[in-house]
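Step one of this worksheet: look at the structure below.
Protein chains: 2
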Amino acid sequence: MTMSEIGIGARERELRERAARVVPSGMYGHMTARDYAPSMPQYLSGGEGSRIWDADGREYIDYMCSWGPMVLGHRHRVVEAAAEAQRRQGDCLSGPGPVLVELAELFVATVPHADWAIFAKNGTDVTTLGLMVARAHTRKRAILAAAGSYHGAAPWCNPWPRGLLAEDKAHISYFRYDDLESAREAAAAVGDDLAGVIVTPFRHDAGHDQEEVDPAFARGLRALCDEAGAALILDDVRAGLRLDPGGSWEPIGVRPDLSAWGKAIGNGYPLSALVGSDTFRRAAERIFTTGSFWFSSVSMAASVATITTVQAERAHETMARIGRLLRDGIASQAAEHGVAIKQTGPVQLPNLSFDGDEHFERALVFADECARRGVFVHPSHNWFLSSAHTEDDVDRTLEAMGHAFARVSAELGTV
Amino acid sequence: MTMSEIGIGARERELRERAARVVPSGMYGHMTARDYAPSMPQYLSGGEGSRIWDADGREYIDYMCSWGPMVLGHRHRVVEAAAEAQRRQGDCLSGPGPVLVELAELFVATVPHADWAIFAKNGTDVTTLGLMVARAHTRKRAILAAAGSYHGAAPWCNPWPRGLLAEDKAHISYFRYDDLESAREAAAAVGDDLAGVIVTPFRHDAGHDQEEVDPAFARGLRALCDEAGAALILDDVRAGLRLDPGGSWEPIGVRPDLSAWGKAIGNGYPLSALVGSDTFRRAAERIFTTGSFWFSSVSMAASVATITTVQAERAHETMARIGRLLRDGIASQAAEHGVAIKQTGPVQLPNLSFDGDEHFERALVFADECARRGVFVHPSHNWFLSSAHTEDDVDRTLEAMGHAFARVSAELGTV
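Protein chains in written order, with the numbering used here: chain A, 1 to 415; chain B, 1001 to 1415.
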């Protein structure tokens, strides 16, 4: 297929050509169009609510929500007003603003296991900080993590080997998600050197079907950490605020010692947070961490507005309701077209895969047809709902997806 | 001294008390007031040009410039207008905006050694990325750095030991800044395993006098890297845009392979960049790096405006001129009061120290009196000029500093 045949617009084509000269691979990181279907745009020029526009002005219903951040939808009125009010006061100053204290208090009031908060920019900043606090508290070294879980792009957790050292992953050992016995074995293998366990609230490894957490597994990790005096670190960067404002394991009643937050907490404004219990406060005081923009106030004001709005509007419940509609609709359509699929994970962070689609051929055709019809979904990464998504959005989405399933069936057969 | 005697305002006092409950140590990182003089405020509520206001509404001439970012002064008209225009289009979307390409092109046009750019959020993100690219290119491990240089707070460069592993600093070895022989020895010690050398454009270690770079040292590091096929990585996070828009070693004619930028490039909007030469492009393509907010457009639009304004207004020359006035005025006043001081480093990033002041007792009294008189300077970290600082600001500053030198002399004697 040539560029024009696949329907990429003139502005998109021009931007890709220019980027190929001045950006490695044309684009780095998780938003690279190299992982997209051919008709999906690399460049976006705007968003409002559940909609985004590409550089050529085409509109899409957005099911990536900026890969998590837009929990209330793009340019949410309350969040933007709070950010603008703070901006008139001050943003990046020579010290923090009063809103830092307000936001820390809000986290402590909202997240039952939190007695304190530290704010940063990247999710990776705060997962890394979680390890540092765990090690400073225990004066031990070993961290257990689930094989394949994504905790960021720092050397200790970077999923690619290139540019890294063997030592970058020293004292990290692995268990299988939802397999408590494997975690116990990993803990036994490090003897009395266990500093902490880091775990996502459910299994959301890119390119794999998602897996809900087994509550017995979560409780088992809690017990394992308690026995060892180690930190249970919940990596809530991806899921935080979409399942429960108090933390994604609140519904199953398992409280971590530390939790890492990012993405959705500022509804698009750059912010992450590590929160923790009093037991780990002294350790959090003893480590050194900082960043040039970690004290800027606008993102914090946006976060106060985001968290209070999620709670006031029960945004997580809206996402659950709309996500359920979408999931049921997709299931019906797939059945109608005789295409075998799996839908996994919480409905607020939907994941669709096609049976026997190891190389994502079906997923790519599906995402391609969706893009052509104004629906932006990733072929191999989970999607994200926002509370701005409506029943009407779901209807329009299912209309497009019906054609997408038909094309999958026509081009690649039903199984 | 009690809080009320040292003149901290009621709002500041209230915020400190609240923060003590919900923020480790009351405040973490480089902006903690624990390192300040007693009359300096922890919390700031606003800024405009060269001025900032604390939470109680007191005004200060700001010589920290948000610890670097505000190179054109707070709320610079052109930068704010560019950010606002971009904000109306879109900021954090499900993909990058066209401005990412524009900014990468601007870096390539502005920085002579740059053929490509990758954007991130923290300075630490891009110094770490520099190491990864160097290692991916050379397939070697060893990195040389100057002992005591600050390259960020990631485990490989974090200046404090707590919460870290011995392995976090594996394959990092150290030389003495401006001591080429020590760098050659460090290179010899790693044999044929040299991946790169990371170095700041001048020595700006916190708590120490600054040291200008010896051009022969810089040329020697360049030659050392060329001989080994290793990457010369310039950490221009702190100084970038204040000495030369093309990079801080342009004036001495030494070009790195990779350079790390942050702080000033967005005039307060959160952004960092790694730029590099074509030789290292393939390596930059082979590594994995990303972050949730690395593709947001508002910071990039602010950066385009900042870099073009610095160039159009020759902002670095304004800072050099005003910085020279300040330095000369401080020298005169110190001499007048018989107080022995050192002023070191480029005048755009001033550093003042007092002779025989190992524990910063004089520096603290000086900074305290400055704060009481409306001048915000750090006792033990270099300061930053912006192009918004005027001759009138310097006059008012020197008026305050005259009283500060007098108090130092009265309380602690002249030497």
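Where is the CB? At the ideal position from N, CA and C, for every residue including glycine. Just so you know, these numbers come straight off a predicted model, no measurement behind them.
Give the straight-line distance between the Cα atoms of residue i and residue j, rounded to the nearest whole angstrom.
i, j, result
"A:Thr290", "B:Arg1327", "29 Å"
"A:Glu5", "A:Asp226", "Because the pLDDT at A:Glu5 is just 49, under 50, the model does not fix this residue reliably, and the value given afterwards should be weighed accordingly. The alpha-carbon atoms of A:Glu5 and A:Asp226 are separated by roughly 59 Å."
"A:Met3", "A:Arg34", "Residue placement at A:Met3 is poorly supported in this model, since its pLDDT is 40, which falls under 50; the coordinates still yield a value, given next. Going from the Cα of A:Met3 to the Cα of A:Arg34 covers about 14 Å."
"A:Arg282", "A:Ala134", "11 Å"
"A:Phe119", "B:Val1022", "12 Å"
"A:Glu12", "B:Gly1009", "54 Å"
"B:Ala1367", "B:Arg1396", "15 Å"
"A:Glu399", "A:Ala406", "11 Å"
"A:Met401", "A:Thr390", "16 Å"
"A:His171", "B:Met1132", "20 Å"
"B:Arg1184", "A:Leu234", "45 Å"
"B:Pro1155", "B:Asp1214", "29 Å"
"A:His337", "A:Ser182", "40 Å"
"A:Leu412", "A:Arg373", "19 Å"
"A:Glu369", "A:Tyr36", "12 Å"
"B:Glu1285", "B:Gly1130", "13 Å"
"B:Pro1038", "B:Asp1062", "17 Å"
"A:Arg176", "A:Gly253", "21 Å"
"A:Ala109", "B:Ala1335", "55 Å"
"B:Thr1414", "A:Asp168", "50 Å"
Of all the options the options, which has the alpha carbon lying nearest to the alpha carbon of residue i?
i, options, result
"A:Gln89", "B:Gln1086, B:Ala1020, B:Leu1093, B:Gly1046", "B:Gly1046"
"A:Glu358", "A:Asp209, A:Thr306, A:Arg77", "A:Asp209"
"B:Ala1264", "B:Glu1048, B:Asp1054, B:Met1070", "B:Met1070"
"A:Thr353", "A:Glu285, A:Ala340, A:Phe293", "Strictly speaking, residue 353 of chain A in this sequence is Ser, with Thr absent from that position. Answer by Cα proximity: A:Ala340."
"B:Val1111", "B:Tyr1043, B:Gly1049, B:Glu1250, B:Glu1317", "B:Glu1250"
"A:Glu59", "A:Val199, A:Ala388, A:Arg51", "A:Arg51"
"B:Gly1345", "B:Ala1231, B:Val1375, B:Arg1242, B:Gly1163", "B:Arg1242"
"A:Asp392", "A:Ile322, A:Ile287, A:Asp205, A:Glu181", "A:Ile322"
"B:Leu1100", "A:Pro24, A:Thr128, A:Ala109", "A:Pro24"
"B:Leu1103", "B:Gly1068, B:Phe1295, B:Phe1202, B:Trp1053", "B:Phe1295"
"A:Gln348", "A:Gln333, A:Trp383, A:Val275, A:Ala331", "A:Trp383"
"A:Asp125", "A:Ala216, A:Pro270, A:Gly26", "A:Pro270"
"B:Gly1029", "A:Ala145, A:Pro96, A:Leu221, A:Arg314", "A:Pro96"
"A:Asp193", "B:His1076, B:Leu1165, B:His1113", "B:Leu1165"
"A:Ala312", "A:Glu212, A:Leu325, A:Pro245, A:Ala331", "A:Pro245"
"B:Ile1287", "A:Tyr174, A:Ala228, A:Ala153, A:Glu317", "A:Ala153"
How should residue i be labelled, buried or exposed, when 16 other C-beta atoms within 10 angstroms of its C-beta is the threshold for buried?
i, result
"A:Ala273", "buried"
"A:Arg16", "buried"
"B:Gly1356", "exposed"
"A:Asp278", "exposed"
"A:Arg238", "buried"
"A:Lys342", "exposed"
"B:Gly1191", "exposed"
"A:Arg75", "buried"
"A:Val408", "buried"
"A:Thr306", "buried"
Please report the Cβ distance between residue i and residue j, rounded to the nearest whole angstrom; I am assuming they are in contact, meaning their Cβ atoms lie under 8 Å.
i, j, result
"B:Ser1303", "B:Leu1072", "Wrong, their Cβ atoms sit about 12 Å apart, outside the cutoff."
"A:Val298", "A:Ala19", "Actually they are not in contact, since the Cβ atoms of A:Val298 and A:Ala19 sit about 28 Å apart, beyond 8 Å."
"A:Phe376", "B:Ser1094", "6 Å"
"A:Asp205", "A:Ser149", "6 Å"
"A:Ala230", "A:Thr138", "6 Å"
"A:Leu44", "A:Asp54", "6 Å"
"B:Asp1257", "B:His1113", "7 Å"
So which residues on chain A does residue i lean against when the C-beta distance must stay under 7 Å?
i, result
"B:Cys1370", "None at all; the shortest Cβ gap to chain A is about 13 Å."
"B:Gly1213", "In the sequence on display, residue 1213 of chain B carries Val and not Gly. Those within 7 Å of B:Val1213 in chain A number zero; the least Cβ separation is about 22 Å."
"B:Phe1288", "Ala153, Asn158, Pro159, Trp160"
"B:Gly1123", "Ser292"
Listing by chain order, which chain B residues have their CB less than 7 Å from the CB of residue i?
i, result
"A:Gln89", "Ser1045, Gly1046"
"A:Glu361", "Within 7 Å Cβ-Cβ: nothing; A:Glu361 doesn't reach chain B, min ~23 Å."
"A:Pro270", "Lys1121, Pro1270, Phe1293, Ser1296"
Name the chain A residues that come within less than 9 Å of residue i, Cβ to Cβ?
i, result
"B:Asp1062", "Leu93, Ser94"
"B:Lys1140", "Under the 9 Å cutoff, chain A gives no residues; its nearest Cβ is about 10 Å from B:Lys1140."
"B:Ile1118", "Val23, Pro24, Tyr28, Gly29"
"B:Met1132", "Pro155, Asn158, Arg162, Gly163, Leu164"
Would you mind telling me which residues of chain B sit closer than 8 Å to residue i, beta carbon to beta carbon, in chain order?
i, result
"A:Cys65", "Ser1094"
"A:His171", "Leu1165, Glu1167"
"A:Ala98", "A small fix is needed here, since residue 98 of chain A is Pro in this sequence, not Ala. The contacting residues are Arg1011, Leu1015, Tyr1043, Ser1045, Ala1055."
Give the interface partners of residue i over in chain A, defined as CB-CB distance under 8 Å, in chain order.
i, result
"B:Ala1136", "Arg162, Gly163"
Chain B partners of residue i, CB-CB under 9 Å?
i, result
"A:Ile52", "Gly1090, Leu1093, Ser1094, Gly1095"
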